[in-house]
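One structure is given here, and the rest of the page talks about it.
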Amino acid sequence: MSVLDTIRKYREAGYYKEFDYHWGMTVDLDRCTGCEACVVACQAENNLPIVGESSFAQRREIKWMRIERYWEGEYPNAKLNFIPMFCQQCDEAPCETACPVFATYHNQDGLNTQIYNRCIGTRTCAVYCPYEVRYFNWFTYTWDEPLERQLNPDVSVREKGVMEKCTFCIQRIREAKDLAKDDDRRKVRDGEVTPACAQSCPTEALVFGDLNDPESRVSKMANDPRGYQVLEEQNTSPSVVYLQKVHGDEEAI
Amino acid sequence: MVMKKLFDHGEPSYEQVNQDVIKSLIETGPKYWMLLATTVGITVVCFIVPWMYQIHMGVGVAGMNRNAVWGTYLSNFIFWIGLSHSGTLLSAVLHITQSDWRKSIYRSAEAMTLFSLMVAATFVMVHVGRLWFIHWSFPIPNPMGLWPNFRSPIMFDVMAITTYLTASSIFIYMGSVPDFAAVRDYSSGLRRRIYTVLSFGWRGTSKEWHTLGWAYTFFAVLVIPLAVSVHSIVSWDFALSTVPGLHQTIFAPYFVCGAIYSGTAGIVTVMYCLRRFLGFERYIGKIHVDYLGKLLIALSMIWTYINIMELFTGWYSGSSAEIEFLKFRLFGFYAPMYWEMILFCAFVPLLMLFKSVRLNWNRMLVISILINIGMLSERFIIVSTSLPRKLLPDSYGFYFPSPAEISITVGSFAMFATLFLIFIKVFPAVSIYEVKETLNPLRRAEKT
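Structure (structure tokens):
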């Protein structure tokens with residue numbers, strides 16, 4: 124192999140020629156009732172700290188999953204729209220180029236991961252993120268006795284000065300992959316892995332799965348004509364597809 | 065071309081230059097020590113103590129929140145980098161163009177560069193969340209084989225600033241070697257031994273002068289592109305994001321121009337202090353304040369033009385996010401600060417068009433301080449009005465600095481003053497040998 128060939132080899136992105144998964148999610152805004160069950164589930168699953176009243180008032184809450192509320196129209200004809208907002212796992216993520224120490228990187232499953240141990244806290248990624256889904260640990264948050272016993276052992280607890288974010292419950296993905304391997308299967312079957320938010324959604328507004336598999340439920344949902352991506356013009360190519368809310372003429376019904 | 069007078073009070077003799085400059089190093093009154101004690105005290109109380117508290121508690125001690133994850137620390141970092149800009153750059157440019165008026169002011173101007181760079185680098189350390197791991201941003205070989213991310217603008221910053229810091233410290237040191245030798249020859253005891261080491265055994269042979277001249281010009285040429293690149297790179301920290309108000313192609317020239325602007329104003333302030341407190345009236349005179357004033361007028365006009373263009377591109381984009389951000393900047397909470405900046409940096413400098421203002425050191429001092437207040441506000445506004453108005457309206461927020469941030473900002477000025485006070489007692493603040501180059505060689509043997 125010539126030197127040129129070697130160089131060309133390195134030009135290919137990533138170490139993998141073939142990617143097994145491209146995890147993605149669809150959010151059906153027509154189904155979302157804004158109940159925030161997903162927010163609570165995320166809090167419990169991922170050891171998110173309770174920052175306290177004064178920190179909350181300073182907009183320092185840590186919620187990897189949040190429900191944005193947008194009002195439309197004037198009273199009495201006001202309509203309320205909910206948009207669940209979490210990390211969009213962009214394929215062209217602006218945050219990934221920003222980190223000076225590679226604390227955030229794109230893994231082979233199309234996830235935008237964060238290595239908490241490596242983070243030095245320059246907060247550049249949070250500035251670069253157009254979706255504002257990166258949360259900073261302003262202090263080291265602790266859990267009062269006996270609340271620390273409810274911590275999820277599969278997820279680390281972050282210290283002060285570290286940026287953290289949603290990774291589609293990567294601990295659950297890892298576990299599902301391990302189980303699939305034990306079962307002599309190459310790939311995880313559709314529906315075998317669900318992040319905490321999608322699992323807890325009472326109206327099944329959130330659907331999670333592998334976008335590489337055309338037969339998966341999420342792929343079919345993503346092809347819905349109502350589908351759109353938030354801030355598409357930013358060219359971040361997110362892995363999350365939102366299905367538009369259809370405002371019917373309510374008086375006619 | 066009319067040659068302007070370099071010295072207001074007549075040309076000094078060779079001997080007198082030596083005496084005047086070395087006097088400033090050797091004769092230290094109680095006033096100096098009191099001043100130094102005050103600045104060190106303020107640095108410790110206002111800078112070090114809150115910083116240590118912040119390291120202990122976490123960055124939450126500062127007023128930043130989720131939207132405005134960058135705050136005063138970063139805006140101060142840009143301000144100090146900016147202030148560092150003029151010294152070495154101006155010195156190098158004027159050296160290459162062989163301007164004689166540079167020779168009595170360049171040493172202190174370069175020192176200003178060096179110390180503001182140090183303060184700026186300290187602000188990076190204050191800014192980061194986990195200071196104890198900051199060495200990860202350097203390409204240090206490690207058993208994990210992990211390297212820094214060279215695509216990151218923050219990484220460019222680390223490279224640019226360390227390079228600039230190294231180059232400008234070598235530049236100022238190299239230019240001082242003959243002067244260290246002069247101090248060595250005039251002093252005795254411990255001071256003599258220290259300066260013997262500092263002067264590298266300089267004897268003043270023609271070969272040494274030749275090598276110095278060659279090396280000095282080499283570094284001058286090297287430093288100019290470096291200086292321009294450093295602030296361009298600092299601007300990319302902002303411009304490479306997609307935040308409305310930061311995502312602008314004009315940012316690199318904007319920052320460079322602003323940096324030279326505030327740096328030149330800083331030089332005027334420092335020169336005033338040197339004249340007033342170290343008795344360099346003879347060496348720093350009307351010609352300097354006149355030329356620096358003209359430079360300031362030119363820079364203020366470029367700065368104003370770029371500011372208008374910045375607003376124009378935001379409005380012309382027609383993007384709702386950009387327009388929302390412009391509304392917040394021009395008419396929001398920080399609007400008074402914005403208009404104060406416009407007044408101080410665009411209108412007040414126009415007073416220097418009058419010769420009576422330009423040749424008056426007191427008036428120039430006031431103008432130069434106003435310009436730097438304006439530039440400090442400019443940097444603060446860039447950070448504090450853009451980040452709370454990003455793309456998603458749900459996340460619109462607000463940022464106001466906490467007492468810790470304000471205290472650290474005040475402390476940084478004291479830190480700069482401390483470094484500078486130490487400098488004027490170690491380095492000859494006016495270049496002895498270069499001032500002599502401008503004197504009449506026939507008067508060489510004359511005694512005072």
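Those sequence lines, one after another, are chains H and G. Residue numbers for the first sequence follow our numbering, beginning at 124 and rising by one. Residue numbers for the second sequence follow our numbering, beginning at 65 and rising by one. We treat Cβ as the ideally placed atom computed from N, Cα and C, and that holds for glycine. In this text, all values refer to a predicted model and were calculated from it rather than measured experimentally.
Taking Cβ to Cβ, would you say residue i is nearer than 9 Å to residue j?
i	j	result
Ser364 (chain G)	Tyr325 (chain G)	yes
Trp115 (chain G)	Val190 (chain G)	yes
Trp134 (chain G)	Val250 (chain H)	yes
Val85 (chain G)	Leu338 (chain G)	no
Phe283 (chain G)	Ala231 (chain G)	yes
Val353 (chain G)	Leu440 (chain G)	no
Ser216 (chain G)	Thr236 (chain H)	no
Ser155 (chain G)	Tyr170 (chain G)	yes
Val285 (chain H)	Asn260 (chain H)	yes
His295 (chain G)	Gly268 (chain G)	no
Thr449 (chain G)	Tyr398 (chain G)	yes
Phe244 (chain G)	Pro492 (chain G)	yes
Val527 (chain G)	Leu153 (chain G)	The structure shown has nothing for residue 527 (chain G), since chain G only spans 65 to 512.
To the nearest angstrom, how far is it from the Cα of residue i to the Cα of residue j?
i	j	result
Pro505 (chain G)	Leu254 (chain G)	33 Å
Phe141 (chain G)	Ile119 (chain G)	18 Å
Thr313 (chain G)	Thr245 (chain H)	23 Å
Gln294 (chain H)	Cys165 (chain H)	13 Å
Pro413 (chain G)	Arg443 (chain G)	18 Å
His377 (chain H)	Cys213 (chain H)	Shown here, chain H extends from 124 to 376; a query on residue 377 (chain H) therefore has no answer.
Pro172 (chain H)	Val256 (chain H)	16 Å
Trp266 (chain H)	Pro457 (chain G)	32 Å
Gln162 (chain G)	Tyr237 (chain G)	20 Å
Met65 (chain G)	Met219 (chain G)	Any reading at Met65 (chain G) needs caution, since the residue's pLDDT is 40, under 50, leaving its predicted position unreliable; the model's value is listed next. Answer to the nearest angstrom: the Cα atoms are 47 Å apart.
Ile160 (chain G)	Val261 (chain G)	29 Å
Trp471 (chain G)	Cys110 (chain G)	Per the sequence presented here, residue 471 (chain G) reads as Ser, with Trp not at that position. Approximately 5 Å between the Cα atoms of the pair.
Ile406 (chain G)	Phe291 (chain H)	47 Å
Trp146 (chain H)	Gly350 (chain H)	17 Å
Pro348 (chain H)	Arg312 (chain H)	26 Å
Thr149 (chain H)	Pro361 (chain H)	11 Å
Leu310 (chain G)	Glu374 (chain G)	10 Å
By Cβ distance below 6 Å, which residues in the same chain neighbour residue i in space, the five residues on each side in sequence not counted?
i	result
Ile376 (chain H)	In this prediction, Ile376 (chain H) scores a pLDDT of 49, lower than 50, which makes its location untrustworthy; the coordinate-derived value is nonetheless stated afterwards. Counting only Cβ-Cβ distances below 6 Å, and skipping sequence neighbours, we find nothing.
Val183 (chain G)	Trp144, Ser476, Met479, Phe480
Ala410 (chain G)	Thr368
Gly196 (chain H)	Lys202
Thr107 (chain G)	Gly475, Ala478, Met479, Thr482
Glu184 (chain H)	Val174
Val280 (chain H)	Asn170
Tyr137 (chain G)	Phe187, Val190, His191
Tyr250 (chain G)	Ile86
His274 (chain G)	none
Thr227 (chain H)	Cys218, Glu219, Gln237, Cys248
Classify residue i: buried if its beta carbon has 16 or more other beta carbons within 10 angstroms, exposed otherwise.
i	result
Lys167 (chain G)	buried
Thr326 (chain H)	exposed
Gly540 (chain G)	This structure gives no information on residue 540 (chain G), because the portion of chain G shown stretches from 65 to 512.
Trp278 (chain G)	exposed
Gly239 (chain G)	buried
Asn346 (chain H)	exposed
Thr247 (chain H)	buried
Tyr380 (chain G)	exposed
Phe264 (chain G)	exposed
Phe376 (chain G)	exposed
Met98 (chain G)	exposed
By Cβ distance, which residues of its chain are closer than 8 Å to residue i, with the 5 residues on each side in sequence left out?
i	result
Met67 (chain G)	Only weak support is given to the placement of Met67 (chain G): the predicted model assigns it a pLDDT of 49, under 50, and the value that follows is read from those uncertain coordinates. Excluding residues within five positions, none has a Cβ falling inside 8 Å.
Val421 (chain G)	Gly357, Leu415, Arg427, Met428, Ile431
Leu503 (chain G)	Glu75, Pro76, Ser77, Tyr78, Val81
Pro253 (chain H)	Pro217, Leu354, Gln357, Thr359
Tyr225 (chain H)	Per the sequence shown, the amino acid found at residue 225 (chain H) is Phe instead of Tyr. Once the five neighbours on either side are set aside, the close Cβ partners of Phe225 (chain H) are Ile238, Arg241.
Ala167 (chain H)	Gln273, Asn275, Ala319
Enumerate in chain order the residues of its own chain whose CB-to-CB distance from residue i is below 7 Å, with the five nearest sequence positions on each side excluded.
i	result
Gly327 (chain G)	Gly146, Leu147, Ser148, His149, Ser150, Gly151
Asn129 (chain G)	Gly461, Tyr463
Phe408 (chain G)	Leu434, Ile435, Ile437, Gly438
Glu388 (chain G)	Arg453
Leu304 (chain G)	Pro217
Ala132 (chain G)	Ser448, Leu451, Pro452, Gly461, Tyr463
Measuring only between beta-carbons, confirm whether residue i sits less than 9 Å from chain A.
i	result
Gly378 (chain G)	Of the protein chains in this structure, namely H and G, none is chain A.
For this session: Give, in chain order, every unbroken run of the alpha helix (DSSP H) that is at least 4 residues long and sits entirely within the stretch 315 to 372 of chain G.
Result: 315 to 342
Exercise. What are the start and end residues of each continuous alpha helix (DSSP H) run of 4 or more residues lying completely inside the stretch 408 to 446 of chain G, in chain order?
Worked result: 419 to 422
Problem set entry | Secondary structure, alpha helix (DSSP H): runs of 4+ residues fully inside the stretch 441 to 476 of chain G | none
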